[in-house]
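Residue numbers (our numbering), protein chains in the order written: chain A, 40 to 261; chain B, 40 to 261. Note sheet for the following structure.
There are 2 protein chains.
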Amino acid sequence: MSQMLQIHDQLREMILSLDLGPGERLTERWLESRFEGSRTPIRAALVRLESEELVRRDGRNWIVAPIDLGELEALAEFRLPLETTAVRLACTRASAADIAGIEAMLDACQAGAPREEWHRVGTDFHVEIARLSGNPFIVKAISGAMTRLSRARWLEVWTEPSREQAWAEHRRILSFIKTNDPEAAAREAADHISGTRDRLLRSLSEDRRGLKARGFAVVGLR
Amino acid sequence: MSQMLQIHDQLREMILSLDLGPGERLTERWLESRFEGSRTPIRAALVRLESEELVRRDGRNWIVAPIDLGELEALAEFRLPLETTAVRLACTRASAADIAGIEAMLDACQAGAPREEWHRVGTDFHVEIARLSGNPFIVKAISGAMTRLSRARWLEVWTEPSREQAWAEHRRILSFIKTNDPEAAAREAADHISGTRDRLLRSLSEDRRGLKARGFAVVGLR
DNA sequence: TATCCCATTTTGGTATCCCAAACAAGGCAA
DNA sequence: TTGCCTTGTTTGGGATACCAAAATGGGATA
Numbered sequence: 040m041s042q043m044l045q046i047h048d049q050l051r052e053m054i055l056s057l058d059l060g061p062g063e064r065l066t067e068r069w070l071e072s073r074f075e076g077s078r079t080p081i082r083a084a085l086v087r088l089e090s091e092e093l094v095r096r097d098g099r100n101w102i103v104a105p106i107d108l109g110e111l112e113a114l115a116e117f118r119l120p121l122e123t124t125a126v127r128l129a130c131t132r133a134s135a136a137d138i139a140g141i142e143a144m145l146d147a148c149q150a151g152a153p154r155e156e157w158h159r160v161g162t163d164f165h166v167e168i169a170r171l172s173g174n175p176f177i178v179k180a181i182s183g184a185m186t187r188l189s190r191a192r193w194l195e196v197w198t199e200p201s202r203e204q205a206w207a208e209h210r211r212i213l214s215f216i217k218t219n220d221p222e223a224a225a226r227e228a229a230d231h232i233s234g235t236r237d238r239l240l241r242s243l244s245e246d247r248r249g250l251k252a253r254g255f256a257v258v259g260l261r
Numbered sequence: 040m041s042q043m044l045q046i047h048d049q050l051r052e053m054i055l056s057l058d059l060g061p062g063e064r065l066t067e068r069w070l071e072s073r074f075e076g077s078r079t080p081i082r083a084a085l086v087r088l089e090s091e092e093l094v095r096r097d098g099r100n101w102i103v104a105p106i107d108l109g110e111l112e113a114l115a116e117f118r119l120p121l122e123t124t125a126v127r128l129a130c131t132r133a134s135a136a137d138i139a140g141i142e143a144m145l146d147a148c149q150a151g152a153p154r155e156e157w158h159r160v161g162t163d164f165h166v167e168i169a170r171l172s173g174n175p176f177i178v179k180a181i182s183g184a185m186t187r188l189s190r191a192r193w194l195e196v197w198t199e200p201s202r203e204q205a206w207a208e209h210r211r212i213l214s215f216i217k218t219n220d221p222e223a224a225a226r227e228a229a230d231h232i233s234g235t236r237d238r239l240l241r242s243l244s245e246d247r248r249g250l251k252a253r254g255f256a257v258v259g260l261r
């Protein structure tokens, strides 16, 4: 694999894991020493990450994309029609094996699992559901949206009951697809998206002071 | 403006105008002489275009993305929920001035206008409608989808009545937004997307032989 | 004539070099 | 002390140099 792709993946992971703080400045020279490669592959990786909007330009400089709480609502508004469409399509197109695969994914995430695992599965669930639609554009759009949500979701203060609720909703969506009830699945998906949006917004706006204290650039949400 | 952006825009235009044929190989050295720049900005532009999927890798090489007739249906399936959502939102969010702007755009495209103009406005209309939704994610998704459709739409054999019909539909969508009738606007938008999809598929699959004769890589649509 | 093999060329990937613009620090004058 | 200008440093943008892998082509051989 080319160095550019390696650097891209590592940098991406560092950003999503908040190892690099939102808003933090990235200089090509620092990355050069950090990854022990020359600027050429580093710059290519940055250009790539820029198109994923994980990295952004601030004047002439590179910065890690800040977390924009203001876009959380727009993101939910965007996901809603797409995911309801996805689950409807999934009802007609998903095979039993496909569904079983996602069930297994949810099952694998038990109470004792580390937080990273819960976070990852909670994101992947939506992408995998989108995949059941068989429409690559829907998959890509949802995948991008979940990536954009990823860091905010990680910062959310999870309570046990809210986590339980989200999981129950995931299971219900899947079971409606399994029993081939597109409208119920769509309704459930819509409720889930609205519900998680509300929980996320509440949690983050309450904790906003704490986020700033940790040095994260968090913008939006007047 | 940086050389990289200039090259990106020019190359983008050459691809979308079919000046560079779908499937055509691009070597960095050829681009180097074509744009009289070094490989550094050229590679950056290529990486950027790759993320827009206008350019793609074929093994180690760069090629202009082929036109995939098979994705036209998926694209319509993707646009449908997004654009119906967009027009519904537009009803509550668009100002009279916004709507007048789009009307002016349609008016500017009279019978004598060159084909490029019709093509451009026919694409931009959908993006501008999306913009009325006020949701940047919807705008970006629609914009990307229309870009992906652009070359296929250019190759479509337009008949006078089909063009007229498309224009009438655009006007109807807009007027329903203007009179604040979200459901009618959504229905109209859905019909429009399905209708143009059908026309496009019919036209291109009939003319497929002709496309290949022109040396374009056209894949999909079994 | 068809096929295989090796020399040559071409290609993309990477490292390095140079430059102009942006930035920061320090000193000078009011 | 404050504001401004100078100057040295750092940065990203671009050009060039080098390399290994892949492609190409031509000639020897069967």
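Beta carbons: idealized from backbone N, C-alpha and C, even for Gly.
Inter-residue distance for residue 129 of chain B and residue 119 of chain A is about 16 angstroms (C-alpha atoms, whole angstroms). Under the three-state reduction of DSSP output, residue 44 of chain B falls in the helix class. Secondary structure of residue 206 of chain A (DSSP, three-state): helix.
Out of A:151, A:115 and A:105, the CA that lies nearest to the CA of residue 258 of chain A is found in A:105.
Here residue 98 of chain B is exposed, its C-beta having fewer than 16 other C-beta atoms within 10 Å. Among the residues facing chain A, residue 74 of chain B is not included, as its CB has no counterpart in that chain under 8 angstroms away. By the Cβ neighbour-count rule, residue 161 of chain B is buried, with 16 or more other Cβ atoms within 10 Å of its own. One thing to note: residue 121 of chain B has its Cβ within 8 angstroms of the Cβ of residue 180 of chain B. Assignment of residue 101 of chain B by DSSP, reduced to helix, strand and coil, places it in the strand class. By the Cβ neighbour-count rule, residue 213 of chain B is buried, with 16 or more other Cβ atoms within 10 Å of its own.
Here the alpha carbons of residue 200 of chain B and residue 169 of chain B stand approximately 26 angstroms from one another. Contact annotation: in the stretch 114-137 of chain B, residues whose CB is within less than 8 angstroms of a CB in chain A are 114, 116, 117, 119, 120, 121, 123, 124 and 128. Shortest Cα-Cα distance from residue 234 of chain B to any of B:250, B:208 and B:215 involves B:208. In this structure, residue 171 of chain B lies away from residue 220 of chain B, with their beta-carbon atoms at least 8 angstroms apart.
Within the DSSP secondary-structure output, residue 111 of chain A pairs in no beta bridge. For the 8 angstroms CB-CB criterion, residue 228 of chain A and residue 123 of chain A form a contact. For residue 74 of chain B, the enclosing alpha helix (DSSP H) has its first and last residue at 67-74. Non-local beta-carbon contacts of residue 47 of chain A in its own chain, meaning distances under 7 angstroms to residues more than five positions away in sequence, involve 84, 87 and 88 in chain order.
With 16 or more neighbouring CB atoms inside 10 Å of its own CB, residue 174 of chain A falls in the buried class. Closer than 8 angstroms to the CB of residue 54 of chain B there is not a single CB belonging to chain A. Beta-bridge pairing by DSSP links residue 95 of chain A to A:102.
In this structure, the beta-carbon distance from residue 176 of chain B to residue 177 of chain A does not fall below 8 angstroms. Beta-bridge analysis with DSSP links residue 64 of chain B to B:102.
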